[in-house]
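Residue numbers (the working numbering): 1195 to 1424.
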């Protein structure tokens, strides 16, 4: 376990709390989170509190009360502050029925509202093609049974079983509601391989792989409503 990473993430959270009320009124601020400093177009080694802005501005035009420090100290521990220009964030709702179905669109167990089709994976026990998503999406937060249908689109978006069946629940990691959980994951075996495609909706990001970059990713998603930058 990377304890330095865990500590840095905790420090970044505290640092954000310290300055957020002051900077949030700035209309140029788009968001904040934990990440890596960006030098040029590459993520540097050091963790940082990352402030996302619509446009990077010269200090000369930023009121002193809204200027950001280069570092914030939590006790004796410093956390660097990085500013990244993103433009405005907006939501897209990928809720329609699609065949072949790409990643990033609406899916779910028939008894839930809707979630996100994560990506396609190969089950290493038998080589079958499966959809990877969350337990709470495909397995109804532990309430589902192996063999239950996964529908695309999710029921909140107009889907129903069996008309929109696309996969069958195969395996999930149980969520311990009273304890500590490291993952929220389930796989469902695809009914017809021709019904899915290994790409993201509208090719909005590279498809996951063993070499897929993880540190410093700019956007994330959930529930078929994926946050993007233009």
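Glycine is no exception: its CB is placed at the ideal position from the N, C-alpha and C atoms.
Whole-Å CB distance - residue i paired with residue j, under 8 angstroms assumed
i	j	result
residue 1301	residue 1348	6 angstroms
residue 1303	residue 1359	Actually they are not in contact, since the Cβ atoms of residue 1303 and residue 1359 sit about 11 angstroms apart, beyond 8 angstroms.
residue 1264	residue 1247	So it is not a contact: roughly 15 angstroms between Cβ atoms.
residue 1391	residue 1363	Contact flag wrong, Cβ pair sits at about 21 angstroms.
Where residue i falls: helix, strand or coil (DSSP)
i	result
residue 1351	helix
residue 1390	strand
residue 1231	strand
residue 1202	helix
residue 1383	strand
residue 1323	strand
residue 1209	helix
residue 1291	coil
residue 1401	coil
residue 1214	helix
Close-in-space but distant-in-sequence residues of the same chain around residue i (CB under 7 angstroms, 5 per side omitted)
i	result
residue 1311	1295, 1297, 1298, 1299, 1301, 1325, 1327, 1346
residue 1389	1293, 1294, 1295, 1360
residue 1205	1268, 1271, 1273
residue 1417	In this predicted model, residue 1417 has a pLDDT of only 46, less than 50, meaning its place in the structure is not dependable enough to derive any value.
residue 1394	1296, 1297, 1298, 1401
Bounding residues of the beta strand (DSSP E) (the contiguous stretch that carries residue i)
i	result
residue 1286	1284-1287
residue 1277	1271-1279
residue 1260	Counting along the chain, residue 1260 falls outside any beta strand (DSSP E), and DSSP gives it neither H nor E.
residue 1314	1313-1316
Proximal residues to residue i (C-beta, below 6 angstroms), its chain only, five neighbours per side dropped
i	result
residue 1203	1228
residue 1313	1297, 1326, 1402
residue 1322	1383
residue 1433	Residue numbering for the chain in the displayed model covers 1195 to 1424; residue 1433 lies beyond these limits and cannot be assessed.
residue 1222	1247, 1248
residue 1377	1367
residue 1334	1303, 1305, 1306
Same chain only: Cβ atoms within 8 angstroms of residue i, ignoring 5 sequence neighbours per side
i	result
residue 1209	1243, 1266, 1268, 1273, 1275
residue 1250	1277, 1279
residue 1207	1228
residue 1259	1216
Where the alpha helix (DSSP H) containing residue i begins and where it ends
i	result
residue 1248	It is not in any alpha helix (DSSP H) - residue 1248 carries neither H nor E in the DSSP assignment.
residue 1331	1329-1332
DSSP beta-bridge partners of residue i
i	result
residue 1362	1343, 1383
residue 1241	1230
residue 1373	None, per the DSSP bridge assignment.
Near the ligand ATP: residue i beta-carbon under 7 angstroms from a heavy atom
i	result
residue 1398	What this structure holds is no ligand at all, so the ligand ATP is not there to describe.
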